[in-house]
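Notes to accompany the following structure.
Protein chains: 2
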Amino acid sequence: MKAMMQKKANQAHLTSQLKVSCDTCSLSELCLPRGLSKEDLNKLDHLIERPRSHDANTLIYQPGDKFTGFYAVRSGGVKTYLTKKTGEQQILGFHLPGEVFGLDGLENSKQRCYAAAMENTSYCILPHEELDSLCAVIPELRSQVYHIMGHEMNCDHAHLLLLGQQTAHERLATFLLSISSRFKKRGFSATSFVLPMSRHDIAGYLGIAVETVSRLFKSFQEQGIIKINRKQVDILDLDKLNEMVANCEEPK
Amino acid sequence: MKAMMQKKANQAHLTSQLKVSCDTCSLSELCLPRGLSKEDLNKLDHLIERPRSHDANTLIYQPGDKFTGFYAVRSGGVKTYLTKKTGEQQILGFHLPGEVFGLDGLENSKQRCYAAAMENTSYCILPHEELDSLCAVIPELRSQVYHIMGHEMNCDHAHLLLLGQQTAHERLATFLLSISSRFKKRGFSATSFVLPMSRHDIAGYLGIAVETVSRLFKSFQEQGIIKINRKQVDILDLDKLNEMVANCEEPK
DNA sequence: CGCTTGATTGATTTGAGTCAATCCCAGTGG
DNA sequence: CCACTGGGATTGACTCAAATCAATCAAGCG
Numbered sequence: 000m001k002a003m004m005q006k007k008a009n010q011a012h013l014t015s016q017l018k019v020s021c022d023t024c025s026l027s028e029l030c031l032p033r034g035l036s037k038e039d040l041n042k043l044d045h046l047i048e049r050p051r052s053h054d055a056n057t058l059i060y061q062p063g064d065k066f067t068g069f070y071a072v073r074s075g076g077v078k079t080y081l082t083k084k085t086g087e088q089q090i091l092g093f094h095l096p097g098e099v100f101g102l103d104g105l106e107n108s109k110q111r112c113y114a115a116a117m118e119n120t121s122y123c124i125l126p127h128e129e130l131d132s133l134c135a136v137i138p139e140l141r142s143q144v145y146h147i148m149g150h151e152m153n154c155d156h157a158h159l160l161l162l163g164q165q166t167a168h169e170r171l172a173t174f175l176l177s178i179s180s181r182f183k184k185r186g187f188s189a190t191s192f193v194l195p196m197s198r199h200d201i202a203g204y205l206g207i208a209v210e211t212v213s214r215l216f217k218s219f220q221e222q223g224i225i226k227i228n229r230k231q232v233d234i235l236d237l238d239k240l241n242e243m244v245a246n247c248e249e250p251k
Numbered sequence: 000m001k002a003m004m005q006k007k008a009n010q011a012h013l014t015s016q017l018k019v020s021c022d023t024c025s026l027s028e029l030c031l032p033r034g035l036s037k038e039d040l041n042k043l044d045h046l047i048e049r050p051r052s053h054d055a056n057t058l059i060y061q062p063g064d065k066f067t068g069f070y071a072v073r074s075g076g077v078k079t080y081l082t083k084k085t086g087e088q089q090i091l092g093f094h095l096p097g098e099v100f101g102l103d104g105l106e107n108s109k110q111r112c113y114a115a116a117m118e119n120t121s122y123c124i125l126p127h128e129e130l131d132s133l134c135a136v137i138p139e140l141r142s143q144v145y146h147i148m149g150h151e152m153n154c155d156h157a158h159l160l161l162l163g164q165q166t167a168h169e170r171l172a173t174f175l176l177s178i179s180s181r182f183k184k185r186g187f188s189a190t191s192f193v194l195p196m197s198r199h200d201i202a203g204y205l206g207i208a209v210e211t212v213s214r215l216f217k218s219f220q221e222q223g224i225i226k227i228n229r230k231q232v233d234i235l236d237l238d239k240l241n242e243m244v245a246n247c248e249e250p251k
């Protein structure tokens, strides 16, 4: 199994031939370049290693690896996670195109968690040293880096609230809404989409058992809230979902 | 109740008369100044608003407040938290002297969570704009800012693992070890200390009920692992505690 | 010295986990 | 082209860890 994963990871990919600049990247408004002038964007563009590619279920990095820089998903999907000795994975986050991951390495220049591609995935790397130097001279880039880090932290905090205070069905509803709104932001349907992750990963993210995920999906379907077939999800009653998670006090 | 909290918060404090520079602050090796030259330290020192003070159980900021900058605890203790509509608090973190909080405001210049003093607390504020400008010219300061942010994220990730995968007794053991090692780092005893937070807050941090916290403390005591009386904790068997949490795969 | 608030203890309930079969599809190879 | 197969997903039966409900108990305070 491990050998197979390694073999896959080492394959050359067609996508690695692609040359795409931030300038023309459809994700730039969601990604690090957001808010930069054309000139500054150009500087950023030159230091990016891209695109790299990983097959489904292959590791991108793991704890102890040297921290290379920020990773930005271009296509596919990535999960970051920690594990218990017993093997259970706590998924820390799912990362969709335009989203950044790898910030866990900032503390001491070593990655602290695992990152794995959930499907065939391509991504850019922004080497940290070069990015840092550029930050010194482009205030807008610093702002954007702060913004992204702050966003990551707030996502983690929402996740903590979910794991610490929400029931299993609230968790699943929150999860569906999060995926839905993120697909929407990327120009896809908010109510009909294909989940990029397995039931196992959903369970790992929500801190519940796979069987519970299965049962809850079924229950949601029976209530007419969603229609689900394998990874194909159709949200039939978005209001009901929102109602279910309307428990986290919103800032006024 | 609210009125009382407000009144307390508005009182002038003796500590606010104190003038302490980073230079002579015993916490500087744990705090933002770490790794800065004397000259750079001086620049940093000039932009710090300090010291501010809050009485026990008073709010320092809340969701929607304007993001002012990084907060560094000087004495006392602070909790940051989110709440459900129903009132339950999910504690995001406990912040001891020398620790930084308030980074949740980085995403969009508004605070996203609550911060409250758990006891009479003094702290410094590092205004964000000034700190950012200084970051442009002091690479070491940028490094330290990255380090602190990375550390925050990794703390949150460990917290996610705790909430998602650990049993109630593993959670409490993890919590005790975390507090112990942080006190130790500050030059206090690792095995005998006074908890700065209530049972309610511990429960809120660990995602379990207060009653469970109480029962577990009792159970730990009966097993000879700790001795506990109200907030006074004596750890009798540190190895046993470590054994209980030896479940998170360590980076090799 | 009563009062309020936090902590403890006990009795009972329950949401979600665990264990154990299937089921079902995607991919493989004949 | 279709049978085979292995891993993910589903379903059901049963268990249990922790929540909830309900009294005390203890301590700090006005």
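So the sequences go chain by chain: A and B. The first sequence begins at 0 in numbering that gives the first Met the number 0 and counts up by one. The second sequence begins at 0 in numbering that gives the first Met the number 0 and counts up by one. Beta carbons: idealized from backbone N, C-alpha and C, even for Gly. Values in this document were obtained by computation on a predicted structure and should not be read as measured data.
Item                                                                                                                                       : Value
Opposing strand residues paired with SER74 (chain A) [DSSP bridges]                                                                        : A:SER121
Limits of the unbroken alpha helix (DSSP H) element including LYS217 (chain A)                                                             : 209-221
Beta-carbon proximity list for THR82 (chain A), same chain, < 6 Å, skipping 5 on both sides                                                : GLN88
Chain-order list of residues whose beta-carbon lies under 7 Å from that of LYS226 (chain B) (same chain, five-residue window excluded)     : GLN220, ASP233 and LEU235
Sequence-distant residues of its chain with Cβ nearer than 6 Å to MET117 (chain B) (five each side left out)                               : GLY76, LYS78, PRO195 and MET196
Simplified DSSP state of SER197 (chain A), which is helix, strand or coil                                                                  : coil
Three-state secondary structure (DSSP) of SER15 (chain B)                                                                                  : Because the pLDDT of SER15 (chain B) is 40, which lies under 50, any placement of that residue in the model is unreliable, and the question is left without a value.
Chain B within 8 Å of GLY163 (chain A), Cβ atoms only                                                                                      : yes
Assigned secondary structure, PHE187 (chain B) (DSSP; H/G/I helix, E/B strand, else coil)                                                  : coil
Per-residue DSSP class, three states only, for ASN228 (chain A)                                                                            : strand
Same chain, Cβ closer than 6 Å to PHE216 (chain A), neighbours up to 5 away in sequence not counted                                        : ILE227
Pair within 8 Å by beta-carbon distance, TYR113 (chain A) and TYR70 (chain A)                                                              : no
Element boundaries [beta strand (DSSP E), containing SER142 (chain B)]                                                                     : That residue, SER142 (chain B), is in no beta strand (DSSP E); its alpha helix (DSSP H) goes 138-164.
Contact set between the stretch 145-160 of chain B and chain A, restricted to residues whose Cβ is under 8 Å from the partner              : TYR145, HIS146, MET148, GLY149, HIS150, GLU151, MET152, ASN153, ASP155, HIS156, ALA157, HIS158, LEU159 and LEU160
Rounded straight-line distance, which links the Cα of PHE187 (chain B) to that of VAL193 (chain B)                                         : 11 Å
Contacts around HIS94 (chain A), its chain only, beta-carbon distance under 6 Å, and the 5 residues preceding and following it disregarded : VAL72, VAL77 and PHE100
Within 8 Å, strictly: CB atoms of LEU46 (chain A) and PRO126 (chain A)                                                                     : yes
Contacts that ASP131 (chain B) makes with chain A (C-beta to C-beta distance below 7 Å)                                                    : ARG141
Backbone CA spacing between CYS30 (chain A) and LYS42 (chain A) [nearest angstrom]                                                         : 15 Å
Same chain only: Cβ atoms within 6 Å of THR190 (chain A), ignoring 5 sequence neighbours per side                                          : ILE234
Pick from A:GLN143, A:LEU105, A:VAL244 and A:LYS109 that is closest to THR173 (chain A), judged by C-alpha positions                       : A:VAL244
Residues that LEU125 (chain A) contacts on chain B, provided the C-beta gap is smaller than 8 Å                                            : Correct list: empty, because the minimum Cβ distance to chain B is about 13 Å.
Residues in the stretch 169-186 of chain A having any Cβ partner in chain B nearer than 8 Å                                                : none
Where the beta strand (DSSP E) through GLU48 (chain A) begins and ends                                                                     : 48-53
Anticipated Cβ contact below 8 Å, VAL144 (chain A) with CYS134 (chain A), distance rounded                                                 : 6 Å
heavy atom of the ligand FAD below 7 Å from HIS199 (chain B) C-beta                                                                        : What this structure holds is no ligand at all, so the ligand FAD is not there to describe.
Cβ-Cβ distance between GLY92 (chain A) and LEU162 (chain A) below 8 Å                                                                      : no
Within chain B, the residues that GLU87 (chain A) reaches when beta carbons sit closer than 8 Å                                            : GLN164
Candidates A:GLU38, A:GLY86, A:LEU240 and A:LYS184: closest to PRO28 (chain A) by CA position                                              : First, the residue type needs correcting, since residue 28 (chain A) is Glu and not Pro in the sequence shown. Among A:GLU38, A:GLY86, A:LEU240 and A:LYS184, the Cα nearest to that of GLU28 (chain A) is on A:LYS184.
LYS109 (chain A) in three-state terms, based on DSSP                                                                                       : strand
Three-way DSSP call (helix, strand, coil) for THR79 (chain B) in this model                                                                : strand
Cβ separation of LEU26 (chain B) and GLY97 (chain B), assumed to be a contact under 8 Å, to the nearest whole Å                            : 4 Å
Spatial distance of MET152 (chain A) from ARG198 (chain B) (CA atoms)                                                                      : 26 Å
Within-8 Å CB hit, LYS84 (chain A) to chain B                                                                                              : yes
The alpha helix (DSSP H) enclosing LEU237 (chain B), as first and last residue numbers                                                     : 237-244
Beta carbon proximity, ALA208 (chain A) to chain B, threshold 8 Å                                                                          : no
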